[in-house]
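Residue numbers (our numbering): 1 to 302.
Cβ atoms here follow ideal geometry from the backbone N, Cα and C, with glycine treated the same way.
The structure displayed is predicted, hence computed values, not measured ones.
Take a look at the structure set out below.
What follows is the structure, given as structure tokens:
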């Protein structure tokens, strides 16, 4: 994987100085000072009642393509994370998997702690369900998670929950989307995902399937045996340039199983980076037992 590198600096021009607004400063006058932090995010004040609105005389233009977004967005180091725990837990025997006990502690805390401890991550938004929202808020406060800026209510589908999490996230250039049901996410996965996304705009972790995979026909019989060398089991965290992910959520409404599928429909190639077989998704009580064993092997208290 080629390392991501920042774009080369622009050549200096012997032109007049420019103010922070981009206009050339008149001769003999200093450029305007840059806006303060408090004014940078101030909403535009609407015109007074009765005032004639300013008409836009410029011809309408189509929105930029996904490739144009990737080409012109300026890279920064600010990173946000959206962690999901708004699922229905239908295969957990009536137990909310995000609150299920894993080594004596709520499962969701493991993913939250991993992102809290990640140096490149600046902010975390936790997306919860109506049933676990209050408990999720209590856990974040009790744990003292300073990077968690919001615990918000999710939607009916996974992609709805991601969209709501993005809306609650503060300004950032990069976004990591992670399933809260994957408690064994490592610092290596978080860092590698960001590095890969900086080079491609979108990146997902994946591992090779160990089992033989069969394709089924309409009645459930074997139709074909697939080549494992051309298959990958995709995990999270999935990393994206934020403007690209937001455009995917604005334009793709079909049901999908992950955010990478939405970005793929924009014509953007998603880069794979090495996942981790231990980064399992807890979906059933058996998965919970496997996660307990993996934690014990890592030396975590059981």
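In terms of residues, what are the limits of the beta strand (DSSP E) holding residue i?
i           : result
residue 150 : 148-153
residue 273 : 271-274
residue 215 : 214-216
residue 136 : Run containing residue 136: none in the beta strand (DSSP E); it sits in the alpha helix (DSSP H), 133-143.
residue 80  : 79-85
residue 224 : 222-225
residue 177 : 174-179
residue 278 : Counting along the chain, residue 278 falls outside any beta strand (DSSP E), and DSSP gives it neither H nor E.
residue 194 : No beta strand (DSSP E) contains residue 194, which is instead part of the alpha helix (DSSP H) from 187-200.
Should residue i go down as buried or exposed, given a rule of 16 or more other Cβ atoms within 10 Å for buried?
i           : result
residue 320 : There is simply no residue 320 to check, as the chain begins at 1 and stops at 302 in what is shown.
residue 277 : exposed
residue 236 : buried
residue 231 : exposed
residue 121 : buried
residue 305 : This structure does not reach residue 305, given that the chain is present from 1 up to 302, and the question cannot be answered.
residue 165 : buried
residue 216 : exposed
residue 163 : buried
residue 77  : exposed
residue 263 : buried
residue 317 : Within the shown structure, residues of the chain are numbered from 1 to 302, placing residue 317 beyond reach of any answer.
residue 222 : exposed
residue 192 : buried
residue 296 : exposed
residue 224 : exposed
Pick out whichever of the options has its Cα sitting closest to the Cα of residue i.
i           : options            : result
residue 383 : 283, 206, 298, 295 : Because the chain is modelled from 1 through 302, residue 383 falls outside the range shown and cannot be assessed.
residue 172 : 239, 104, 274, 98  : 239
residue 82  : 189, 123, 131      : 123
residue 273 : 199, 91, 291, 101  : 199
residue 133 : 119, 145, 96       : 96
residue 156 : 168, 166, 128      : 128
residue 147 : 110, 80, 258       : 80
residue 292 : 104, 258, 98       : 104
residue 271 : 219, 178, 201      : 201
residue 89  : 220, 281, 250, 290 : 281
residue 91  : 285, 298, 218, 233 : 285
residue 250 : 218, 137, 167, 126 : 167
residue 188 : 298, 266, 269, 114 : 114
residue 142 : 131, 109, 130      : 109
residue 178 : 208, 211, 257      : 257
residue 130 : 211, 86, 261       : 86
residue 234 : 209, 224, 252      : 209
Just confirm the distance between the C-beta atoms of residue i and residue j, as a whole number of angstroms; I'd bet it's less than 8 angstroms.
i           : j           : result
residue 194 : residue 213 : About 30 angstroms; that fails the 8 angstroms criterion.
residue 112 : residue 140 : 7 angstroms
residue 84  : residue 161 : 5 angstroms
residue 279 : residue 182 : 6 angstroms
residue 175 : residue 242 : 5 angstroms
residue 184 : residue 294 : 6 angstroms
residue 170 : residue 149 : 6 angstroms
residue 196 : residue 206 : About 11 angstroms; that fails the 8 angstroms criterion.
residue 118 : residue 190 : 5 angstroms
residue 100 : residue 288 : 6 angstroms
residue 137 : residue 151 : 5 angstroms
residue 265 : residue 252 : 5 angstroms
Quick check on the DSSP output: the alpha helix (DSSP H) that includes residue i runs from which residue to which?
i           : result
residue 247 : 242-251
residue 292 : 285-298
residue 109 : 108-116
residue 100 : It is not in any alpha helix (DSSP H) - residue 100 carries neither H nor E in the DSSP assignment.
residue 163 : 158-168
residue 259 : 259-264
Please confirm if residue i has its CB atom under 8 angstroms from at least one CB of chain B.
i           : result
residue 131 : In summary, chain B is missing from the structure at hand, where a single protein chain is found.
Which residues share a DSSP beta bridge with residue i?
i           : result
residue 238 : 177
residue 310 : In the structure as shown, the chain starts at 1 and stops at 302, and residue 310 therefore has no counterpart that could be examined.
residue 207 : 233
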